[in-house]
Amino acid sequence: HLPPEHAFPTEPWRVVESEFTRDWMGNGETIFSLSNGFLGIRGMFEEGRPSIAPGSFVNGFHETWPIEHAEEAFGFARTGQTIVNVPDATLMKLYVDDEPLYLPTARLVEYERSLDLRDGLLRRQLQWSAPSGKQVRVHTARLVSFEHRHLAAISFEVEVDEDAPVVVSSQLLNRQDSRAIDEPGNGGDPRRPRAFQHRVLQQREEVAEDLRVMLGYRTMNSAMTLGAGCDHVVETDNTWHAEHSIGEDLGKVVFTIQARAGVPVRITKFFTYHSSRNVPSVELVDRCDRSLDRAVQGGFGALAEGQRRFLNRFWSRADVEIDAPGRLQQAVRWNLFQLYQASARAETSGIPAKGLTGQAYEGHYFWDTEIYVAPFLTYTEPRITRNLLRFRHLMLPKARDRARELSEDGALFPWRTINGEEASSYYAAGTAQYHIDADVAYAIKRYVDVRGDTDLLTEVGAEILVETARMWAKLGFHGPRTGVFHIHGVTGPDEYTTVVNDNAYTNLMARRNLAYAADVVEWLRDEEPRAYHRLVHDTSFEEREIDAWRTAAARMYIPYDEDRGIHPQDAKFLEREVWDFAATPASHYPLLLNYHPLVIYRHQVLKQADVVLAMVLLGDEFSLDQKRRNFEYYDPLTTGDSSLSASVQAILAAEIGYEAKAVQYFHYAALMDLADVAGNVIDGVHVASTGGVWMALVYGFAGMRDFDGELTFDPRLPAEWDGLAFGLRFRDRQLRIELRHDGERYELLEGEPLTITVRGEPRHLAADDRAAIEVLPRA
Numbered sequence: 043h044l045p046p047e048h049a050f051p052t053e054p055w056r057v058v059e060s061e062f063t064r065d066w067m068g069n070g071e072t073i074f075s076l077s078n079g080f081l082g083i084r085g086m087f088e089e090g091r092p093s094i095a096p097g098s099f100v101n102g103f104h105e106t107w108p109i110e111h112a113e114e115a116f117g118f119a120r121t122g123q124t125i126v127n128v129p130d131a132t133l134m135k136l137y138v139d140d141e142p143l144y145l146p147t148a149r150l151v152e153y154e155r156s157l158d159l160r161d162g163l164l165r166r167q168l169q170w171s172a173p174s175g176k177q178v179r180v181h182t183a184r185l186v187s188f189e190h191r192h193l194a195a196i197s198f199e200v201e202v203d204e205d206a207p208v209v210v211s212s213q214l215l216n217r218q219d220s221r222a223i224d225e226p227g228n229g230g231d232p233r234r235p236r237a238f239q240h241r242v243l244q245q246r247e248e249v250a251e252d253l254r255v256m257l258g259y260r261t262m263n264s265a266m267t268l269g270a271g272c273d274h275v276v277e278t279d280n281t282w283h284a285e286h287s288i289g290e291d292l293g294k295v296v297f298t299i300q301a302r303a304g305v306p307v308r309i310t311k312f313f314t315y316h317s318s319r320n321v322p323s324v325e326l327v328d329r330c331d332r333s334l335d336r337a338v339q340g341g342f343g344a345l346a347e348g349q350r351r352f353l354n355r356f357w358s359r360a361d362v363e364i365d366a367p368g369r370l371q372q373a374v375r376w377n378l379f380q381l382y383q384a385s386a387r388a389e390t391s392g393i394p395a396k397g398l399t400g401q402a403y404e405g406h407y408f409w410d411t412e413i414y415v416a417p418f419l420t421y422t423e424p425r426i427t428r429n430l431l432r433f434r435h436l437m438l439p440k441a442r443d444r445a446r447e448l449s450e451d452g453a454l455f456p457w458r459t460i461n462g463e464e465a466s467s468y469y470a471a472g473t474a475q476y477h478i479d480a481d482v483a484y485a486i487k488r489y490v491d492v493r494g495d496t497d498l499l500t501e502v503g504a505e506i507l508v509e510t511a512r513m514w515a516k517l518g519f520h521g522p523r524t525g526v527f528h529i530h531g532v533t534g535p536d537e538y539t540t541v542v543n544d545n546a547y548t549n550l551m552a553r554r555n556l557a558y559a560a561d562v563v564e565w566l567r568d569e570e571p572r573a574y575h576r577l578v579h580d581t582s583f584e585e586r587e588i589d590a591w592r593t594a595a596a597r598m599y600i601p602y603d604e605d606r607g608i609h610p611q612d613a614k615f616l617e618r619e620v621w622d623f624a625a626t627p628a629s630h631y632p633l634l635l636n637y638h639p640l641v642i643y644r645h646q647v648l649k650q651a652d653v654v655l656a657m658v659l660l661g662d663e664f665s666l667d668q669k670r671r672n673f674e675y676y677d678p679l680t681t682g683d684s685s686l687s688a689s690v691q692a693i694l695a696a697e698i699g700y701e702a703k704a705v706q707y708f709h710y711a712a713l714m715d716l717a718d719v720a721g722n723v724i725d726g727v728h729v730a731s732t733g734g735v736w737m738a739l740v741y742g743f744a745g746m747r748d749f750d751g752e753l754t755f756d757p758r759l760p761a762e763w764d765g766l767a768f769g770l771r772f773r774d775r776q777l778r779i780e781l782r783h784d785g786e787r788y789e790l791l792e793g794e795p796l797t798i799t800v801r802g803e804p805r806h807l808a809a810d811d812r813a814a815i816e817v818l819p820r821a
């Protein structure tokens with residue numbers, strides 16, 4: 043579903059829409075979304091219409107609602123959580139000669155909308171031939187600030203070729219009014235958000251003064267509070283005046299301008315949001331006031347300069363250069379930009395599955411963060427990974443409560459959540475995914491191994507590891523005759539095979555969790571006694587637990603079929619009937635929307651890679667031959683109904699030498715949103731897939747592995763690519779790797795000397811003489 047080249051030209055640093063097309067509007071609202079991890083704004087037009095799914099979101103700002111189960115059972119999730127579409131401040135409606143600019147009917151002489159990935163600005167420039175024949179030039183630039191996480195701004199410029207009355211209605215519109223009750227629901231797709239059946243935002247404050255309007259709200263059920271406001275600066279030699287008005291759902295400033303030919307009007311709109319779980323809305327409005335004062339004083343130029351500064355630093359560490367045909371370079375950079383947008387200023391919150399680009403999955407946080415997003419951040423922006431892991435620790439009290447509710451020890455992190463409580467109403471494909479605990483533990487270990495930051499362990503990491511290890515020790519059991527440790531009644535990453543015994547991925551990851559928890563606690567006891575005593579006090583830890591964890595890890599049952607030489611996905615997986623793919627029409631995918639869960643569950647069919655993912659994350663526990671046999675068995679069974687699959691399949695295919703498949707799967711991942719591979723980009727960016735794109739490049743084609751913090755490389759550069767280059771941040775060192783078919787270059791740009799392994803041979807890197815390792819390609 044690649045967009046046509048004439049309308050969406052390929053550029054290495056920009057995503058460009060060179061003509062307005064209504065058919066691509068919904069996709070464009072996602073593709074041109076802006077976010078900083080705290081505030082996100084979909085790519086709506088300033089005119090406000092037409093629009094498919096307008097949305098502005100504040101990370102973590104949500105409404106709750108009672109989950110109604112057809113049949114109740116103890117321990118079911120009781121309270122749903124949905125991110126709120128906050129008041130829209132992007133609206134700047136334009137009228138010339140009292141005629142509105144409306145793109146579907148406007149005669150557009152020129153048009154271009156572009157997202158520049160280097161400076162983070164969304165620009166639009168057009169020439170509108172108005173019904174009167176007058177030519178109207180409109181230039182806009184929009185940003186969501188990385189430097190100031192509560193701020194966004196729009197520069198709006200209009201110029202006419204003949205004198206004309208011009209009106210700009212700048213609005214702050216609350217879309218969560220009574221009309222929301224009549225909005226359609228999710229159409230039966232559980233991935234899409236539900237429609238609220240009540241008015242969510244209850245107005246508490248309204249302020250209008252000069253060119254500034256501000257509104258304060260409180261959500262009806264979750265009792266969260268919000269302040270939203272906007273202010274304006276006008277630059278023009280034309281005569282103008284403005285009037286403000288404010289009400290329950292709308293604050294606006296209307297500018298009336300006597301525009302003269304060739305004399306531009308520039309209106310800069312600054313807008314801000316503050317939210318809280320317990321601060322009164324009146325205080326949040328005061329915060330908005332101060333944010334707007336600072337923004338107006340600095341101006342749009344200062345915000346744009348800060349944006350460029352943040353992105354210069356980001357790209358200096360995160361850019362991946364790919365010399366390959368087609369749109370791949372553009373696609374790779376757009377995916378990396380989305381990762382930064384989703385995470386840069388998340389700080390005291392998680393990363394929703396769609397970032398802040400849509401309401402799909404209700405704005406919930408999943409395991410996507412730890413497994414798919416954290417690797418990229420750990421090697422480029424480790425500060426963000428640290429914040430995300432500290433945020434997981436903030437969830438620990440509720441995770442402990444959830445474990446008690448499910449008759450387990452320790453803590454059980456929710457499968458999907460915003461506020462720390464489990465919000466998955468379908469337990470089989472949700473709550474039963476206990477592997478979330480091991481995923482969090484895995485992310486902690488990788489961060490510590492790569493960053494070398496043991497302070498994280500003493501501050502929050504060890505406590506998480508203790509509580510997750512306790513959960514596994516209680517959940518599993520030792521077989522009465524064999525003493526083998528089993529884990530029953532769980533769901534692995536593959537949501538088409540649920541509530542099974544001894545899921546291979548879960549058991550493998552739990553084993554790593556148990557062993558690492560034991561290692562860390564012993565390290566604390568021997569090296570950080572003060573932190574150890576605090577841990578004992580805070581968790582009531584007992585020394586005997588270490589032996590229990592090590593025994594469980596040593597005796598963990600890992601399914602293996604001797605006849606086939608593969609690892610069954612679970613204890614009974616190979617006994618199921620294989621899905622009849624030949625008889626399944628393309629229109630019946632994804633299967634979850636076309637077949638009852640029981641039909642899917644009794645077959646060998648995968649929504650996403652499961653054993654394959656285990657072999658990527660824990661590749662040091664499998665031989666190359668095992669990887670090849672497992673891949674060959676599971677790849678034909680994997681539907682790709684999940685966007686999480688393609689990148690993982692690309693990594694393993696590259697490792698075992700299946701280059702064509704690796705490239706094919708990489709294309710799926712890289713173009714997941716830009717080409718709407720899954721057919722639902724309108725609902726928001728597939729953030730986990732964007733992380734998978736980086737993983738496929740670095741772990742897949744560059745062949746990097748980092749088991750236990752040891753960097754190794756075994757590149758698999760595709761024949762059709764001419765080169766691949768990227769940077770890595772590793773233990774306060776900056777590395778650069780360049781791969782071409784006629785040679786490879788591994789360079790340490792800054793930091794202490796380092797030894798890496800390239801195709802099995804140790805190589806020493808030093809930055810003082812800037813000497814690089816030159817390696818000839820594989821014969």
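Our numbering numbers the first residue of the sequence shown as 43 and each following residue consecutively.
Each residue gets a CB set at the ideal place from its N, CA and C atoms; glycine is no exception.
Predicted, not measured: the structure shown is a model, and the values here were computed from it.
Point to revise | Helix, strand or coil at Val128 [DSSP, three-state] | key: coil
Check your understanding: For Asp662, is the classification buried or exposed, using 16 other Cβ atoms within 10 angstroms of its Cβ as the cut-off for buried?
Key -> exposed
Review point. Expressed to the nearest angstrom, what Euclidean distance is found between the alpha-carbon atoms of Asp224 and Glu752?
Key: Residue placement at Asp224 cannot be trusted, given a pLDDT of 32 that sits under 50; the coordinates are not used to answer.
Practice item. Could you check the C-alpha separation between Ala222 and Glu53 for me, to the nearest Å? Key: Residue confidence for Ala222 is low, a pLDDT of 35 falling below 50, so the modelled location carries little weight; the figure read from the coordinates is stated next. In a straight line, the C-alpha of Ala222 is about 39 Å away from that of Glu53.
**Study point:** Cβ neighbour criterion (16 or more within 10 Å) applied to Asn636
**Key:** exposed
Check your understanding: When you compare each of Ala485, Val647, Thr524, Gln245 to Glu537 by their alpha carbons, which one comes out closest?
Key -> Val647
Review point. Going by the CB atoms, is the gap between Glu786 and Glu780 shorter than 8 Å?
Key: yes
Check your understanding: In terms of alpha-carbon separation, which member of Ile309, Ser731, Arg554, Gln123 lies closest to Met598?
Key -> Arg554
Review point. Excluding sequence positions up to five away, which residues of its chain have a Cβ less than 7 Å from the Cβ of Arg618?
Key: Arg644, His645, Gln646
**Study point:** His806, DSSP secondary structure in three states
**Key:** strand
Practice item. Look up Leu12 in the DSSP assignment and say whether it is helix, strand or coil. Key: Absent from the model: residue 12. The displayed extent of the chain is 43 to 821, so no value can be given.
Practice item. Quick one: which unbroken beta strand (DSSP E) runs of 3-plus residues sit fully inside the region 255-303? Chain order, please. Key: 267-278, 281-288, 292-301
**Study point:** Tyr788, buried or exposed, once every other Cβ within 10 Å from all chains shown has been counted against 16
**Key:** buried
Practice item. Could you please give the first and the last residue of the uninterrupted alpha helix (DSSP H) stretch that includes Met134? Key: That residue, Met134, is in no alpha helix (DSSP H); its beta strand (DSSP E) goes 134-138.
**Study point:** For Glu789, three-class secondary structure by DSSP
**Key:** strand
Review point. In angstroms, rounded to a whole number, what distance separates the CA positions of Ala195 and Thr473?
Key: 40 Å
Practice item. Using three-state DSSP, classify Phe673 as helix, strand or coil. Key: helix
Point to revise | Helix, strand or coil at His728 [DSSP, three-state] | key: coil
Exercise for review: Scan the region 403-491 and note each continuous alpha helix (DSSP H) run of 4 residues or more that stays entirely inside, going in chain order.
Suggested key: 416-422, 424-436, 438-447
Review point. Between Thr390 and the rest of its own chain, which residues show a CB-CB distance below 7 Å, the 5 nearest in sequence each way excluded?
Key: Phe433
Practice item. Enumerate, from N- to C-terminal direction, the unbroken alpha helix (DSSP H) stretches of 4 or more residues contained entirely within the region 615-644. Key: 639-643
**Study point:** Ala445 vs Leu430 beta-carbon contact at 8 Å
**Key:** no
**Study point:** Close-in-space but distant-in-sequence residues of the same chain around Tyr403 (CB under 8 Å, 5 per side omitted)
**Key:** Arg233, Pro235, Pro394, Ala395, Lys396, Arg458
Exercise for review: Say whether the region 726-741 touches the region 682-694, bearing in mind that this needs 3 or more beta-carbon pairs closer than 8 Å, one atom from each stretch.
Suggested key: yes
Exercise for review: Could you tell me whether the region 148-165 touches the region 185-194, using the rule of 3 or more Cβ pairs below 8 Å?
Suggested key: yes
Practice item. Starting from Lys861, follow its DSSP beta bridges and name the residues at the other end. Key: As displayed, the chain neither begins before 43 nor continues past 821, which places residue 861 out of reach and without an answer.
Check your understanding: Between the C-alpha atoms of Glu382 and Pro804, what's the straight-line distance to the nearest angstrom?
Key -> Note that residue 382 is Tyr in the sequence shown, not Glu. Cα to Cα, Tyr382 sits roughly 33 Å from Pro804.
Review point. Hey, out of Leu370, Val128, His111, Asn545, whose CA is closest to Arg120's CA?
Key: His111
**Study point:** Spatially closest choice to Asp291 from Phe297, Met266, Leu257, by CA coordinates
**Key:** Leu257
**Study point:** 8 Å contact criterion, which Asp683 and Lys649 should meet: CB distance rounded
**Key:** 5 Å
Review point. According to the neighbour-count rule (16 or more other Cβ atoms, all chains shown, within 10 Å of its Cβ), is Tyr602 buried or exposed?
Key: exposed
Check your understanding: Does the beta-carbon distance from Ala284 to Val295 come in below 8 Å?
Key -> yes
**Study point:** For Phe418 and Arg773, the rounded distance between their alpha carbons
**Key:** 15 Å
Exercise for review: Please confirm if the region 319-333 is in contact with the region 237-256, defined as three or more CB-CB distances below 8 Å between the two stretches.
Suggested key: yes
Check your understanding: Just how far apart, CA to CA, sit Pro129 and Gly82?
Key -> 12 Å
Review point. Quick one: Cα of Ile600 to Cα of Val620, how far?
Key: 22 Å
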